[in-house]
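Letter by letter, the sequence shown follows residues 4 to 504 in full-length UniProt numbering. Where a beta carbon is used, it is the ideal one built from N, C-alpha and C, also for glycine.
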Amino acid sequence: SFSNISPQFILLLMISFPICSFSWPWTSSALPSCDLPIRLRTDPDAVTAASNDYGNLVHEAPAAVLYPSSIQEIVDLIKLSNNCSTPFTVAARGRGHSVRGQAMAGGGVVVEMAALSRNGGGIRVSWSPSLGYYADVGGEEMWADVLRVGLEHGLAPVSWTDYLYLTVGGTLSNAGISGQSFRHGPQISNVLELDVITVLGGLGQFGIITRARIVLQKAPTRAKWVRLIYNDFTMFTRDQEHLISTNINGPNYVEGSLITDQSPPNNWRSSFYSPSDQSKILSLLRSKQGLLYSIEVVKYYHDTNIDTIDQEVKLLVKDLNFIPGFVFNKDVSLVDFLTRVGSGRDKEEEKSSDRELETHPWLNLFLPKSSIMDFNDAVFVNVIRRHNHTSGPILFYPFNRQKWDDRMSAVTPDEDIFYTLGLLHTSRPHQSDVYDNLNSEILDCCEKADIDVKQYLPHYISKEDWMKHFGPKWDTFQERKTKFDPRMILSPGQRIFTSVM
Ligand code: FAD
């Protein structure tokens with residue numbers, strides 16, 4: 004929260020700014036003109052890696068890349084920039100899973116946080132009477148490693164992202180959402196303490212997260228995983244809202260999604276269905292004008308509950324209004340469930356050559372509950388269904404706003420329940436415009452219908468759009484930038500202050 008300001012961070016930012024001879028913009032040959040206390044890389048491999056991200060849409064070359072071997076080196080780098088008459092920009096890069104260059108620093112220095120990672124070596128599990136179980140985790144560590152190390156102690160975090168090969172610092176700079184957020188809030192609601200950063204959900208604008216203290220709970224061992232198919236949007240959303248309102252004996256995870264010709268039941272995010280179930284759903288899809296909805300509900304359990312879990316799940320779905328016969332079940336280990344998207348680093352690396360040929364012009368939105376019927380008509384029925392190029396998973400599921408802390412910079416619609424839409428397009432580079440146009444068409448539809456959407460993982464290019472995004476939080480956000488990063492050094496790739504101030 005705003006009050007979590009670590010002394011180390013204040014020290015880092017409250018230093019004075021003596022003049023040093025420094026030429027700007029940097030070129031590789033100009034780098035040594037300042038007496039660098041640390042070694043920066045300027046070779047093509049390092050620069051190319053830091054000029055790319057998962058989106059593969061924005062490419063901005065830094066002048067240099069820091070592969071830190073200690074936190075002190077990051078402190079030194081930021082001090083160095085602050086001490087120069089013309090400071091250079093600095094961006095922390097987690098795993099570069101942003102889609103619009105948010106972790107880049109064109110002409111500045113990218114800090115490859117992964118260099119600090121020791122494959123979970125930076126994760127320490129503890130307990131205290133006041134806090135219970137928690138893990139102190141380096142900002143560079145991946146959530147997959149937090150899971151692995153936690154489970155060695157029979158513990159696990161409570162709030163996740165769908166995909167775990169993201170860094171703790173990267174998701175805490177945004178929010179970190181998934182099907183558990185309705186119950187526990189986003190990942191930023193489950194942090195007890197941070198080193199360096201001052202504002203959670205701050206899009207990397209206020210500091211570099213070097214440690215986060217994350218809430219842990221006793222880990223369940225298995226998951227009953229159910230998928231239900233709908234053709235009625237009202238029932239689909241009513242049932243999701245019912246599921247996220249149940250507390251005692253309620254589900255642990257709820258996510259909705261759309262099924263269309265271009266977004267089939269099995270996709271890169273999930274291969275849940277057997278071939279025969281998949282064909283059954285596809286033939287239903289043809290008879291229902293090419294648009295179905297699906298709810299994914301999960302109930303965790305411990306081995307000790309094995310005798311009662313089936314009955315609990317039965318009760319959970321008993322009064323739901325899915326199409327009769329279209330309920331599908333799986334029983335998997337907790338690890339298999341949480342790592343269902345991308346099954347590990349090796350698989351991820353194998354695919355990296357394919358990735359170079361792909362772009363990911365994603366659009367992620369938050370929508371107020373009061374507008375979802377209009378949104379379904381305007382966007383799902385009229386745009387998505389008739390858009391031949393829509394590709395990739397389309398997620399649509401609700402959150403309880405009370406689980407979000409309004410003091411944080413993360414922005415949500417102003418209603419008790421709001422939905423997230425995730426349009427996770429994959430495209431060939433020459434087709435990205437098609438998806439950008441589709442995204443713009445969706446945003447235009449919302450504007451015309453007066454739907455107050457907020458972007459998640461936002462990408463704007465004008466100051467007006469950022470101000471509109473933050474709404475009443477803008478003044479505070481700007482004040483904090485002036486206070487904690489007065490020279491506008493950090494995270495230029497977000498384009499909040501760099502291009503607009
Ligand atoms: P990067 O992309 O490297 O950085 C993102 C931003 O955070 C940048 O501004 C960067 O400067 C800043 N940053 C990075 N590290 C730090 C640090 N230590 N301190 C301060 N700032 C830092 N998001 C969800 O919420 N839920 C999901 O289910 C989900 N699934 C995803 C699945 C895939 C396949 C992909 C590609 C992305 C997904 N995301 C999801 C989005 C993801 O959370 C963001 O893209 C996140 O920023 C990526 O983390 P990263 O570690 O790669 O960060």
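Contact test: residue i Cβ vs the ligand FAD heavy atom, cutoff 6 Å
i: Thr423; result: no
i: Met116; result: yes
i: Asp198; result: no
i: Gly173; result: yes
i: Arg96; result: yes
i: Gln265; result: no
i: Leu398; result: no
i: Ser273; result: no
i: Gln105; result: yes
i: Asn177; result: yes
i: Ser494; result: yes
i: Leu169; result: yes
i: residue 3; result: The structure shown does not extend to residue 3, since the chain is modelled only from 4 to 504, so the question has no answer here.
i: Ile191; result: no
i: Tyr57; result: yes
i: Ser54; result: no
i: Ile454; result: no
i: Ile499; result: no
As assigned by DSSP and simplified to three states, the class of residue i
i: Gln458; result: strand
i: Val161; result: coil
i: Leu323; result: coil
i: Ala49; result: helix
i: Ser36; result: Any reading at Ser36 must be qualified, since the residue scores a pLDDT of 48, below 50, and its modelled position is unreliable; the value itself is stated next. Ser36 falls in the helix class under three-state DSSP.
i: Ala222; result: coil
i: Asp334; result: strand
i: Leu16; result: Confidence is the limiting factor: at Leu16 the pLDDT is only 31, short of 50, which leaves the residue's position unreliable and the question unanswerable from this model.
i: Phe421; result: strand
i: Asn252; result: coil
i: Pro371; result: strand
i: Trp365; result: coil
i: Thr63; result: In the sequence on display, residue 63 carries Glu and not Thr. In this structure, Glu63 counts as coil in the three-state DSSP scheme.
i: Phe340; result: helix
i: Thr485; result: helix
i: Arg127; result: strand
i: Ser31; result: In this prediction, Ser31 has a pLDDT of 39, which is less than 50 and means its spatial position is unreliable; what the coordinates show is noted afterwards. Reduced to three states, the DSSP call for Ser31 is helix.
i: Arg214; result: strand
i: Ser435; result: helix
i: Ile74; result: helix
i: Ser278; result: This sequence places Pro at residue 278; Ser is not what is there. Three-state DSSP puts Pro278 in a helix.
i: Ile262; result: strand
i: Ala106; result: coil
i: Ser273; result: strand
i: Arg96; result: strand
i: Ala178; result: coil
Between the CA atoms of residue j and residue i - distance to the nearest angstrom
i: Gly97; j: Tyr422; result: 27 Å
i: Pro432; j: Asp306; result: 47 Å
i: Trp29; j: Gln281; result: Note that Trp29 scores 39 on pLDDT, short of 50, meaning its location in the model is unreliable; the coordinates nonetheless yield the value given after this. Cα to Cα, Trp29 sits roughly 55 Å from Gln281.
i: Arg404; j: Asp419; result: 5 Å
i: Phe494; j: Ile211; result: First, the amino acid is wrong: residue 494 is Ser here, not Phe. The straight-line gap from Cα to Cα measures roughly 9 Å.
i: Arg44; j: Pro65; result: 10 Å
i: Tyr166; j: Leu231; result: 22 Å
i: Phe209; j: Gln314; result: 48 Å
i: Pro461; j: Phe500; result: 14 Å
i: Ser374; j: Ser394; result: 24 Å
i: Glu450; j: Val61; result: 26 Å
i: Val161; j: Ser88; result: 45 Å
i: Gly125; j: Gly293; result: 48 Å
i: Val128; j: Val171; result: 15 Å
i: Val386; j: Ile445; result: 8 Å
i: Leu83; j: Leu261; result: 49 Å
i: Leu69; j: Pro278; result: 47 Å
i: Glu115; j: Lys476; result: 30 Å
i: Arg343; j: Val149; result: 16 Å
i: Asp436; j: Gln220; result: 44 Å
i: Gln458; j: Asp310; result: 43 Å
i: Ile217; j: Pro47; result: 36 Å
Residue i Cβ short of 6 Å to the ligand ADP heavy atom set
i: Thr164; result: Absent from the structure shown: the ligand ADP. Ligands present: the ligand FAD.
Practice task
Could you tell me whether the stretch 122-136 touches the stretch 68-81, where touching means 3 or more Cβ pairs closer than 8 Å?
Solution key: no
Practice task
Answer yes if the stretch 258-267 comes into contact with the stretch 314-332, meaning at least three C-beta pairs across the two stretches below 8 Å, and no otherwise.
Solution key: Inter-segment contact for the stretch 314-332 and the stretch 258-267 is absent: fewer than three beta-carbon pairs are separated by less than 8 Å.
Practice task
Kindly confirm or deny that the stretch 298-313 and the stretch 212-231 touch, where touching means at least three C-beta pairs closer than 8 Å.
Solution key: yes
Exercise for the section: Could you tell me whether the stretch 107-126 touches the stretch 85-95, where touching means 3 or more Cβ pairs closer than 8 Å? Expected result: yes
Exercise for the section: Give a yes or no on contact between the stretch 176-196 and the stretch 241-259, applying the rule of three or more CB pairs nearer than 8 Å. Expected result: The answer is yes - the stretch 241-259 touches the stretch 176-196, with three or more Cβ pairs under 8 Å.
Handout entry: Touch test, the stretch 458-472 against the stretch 359-372, Cβ-Cβ under 8 Å, three pairs minimum
Key = yes
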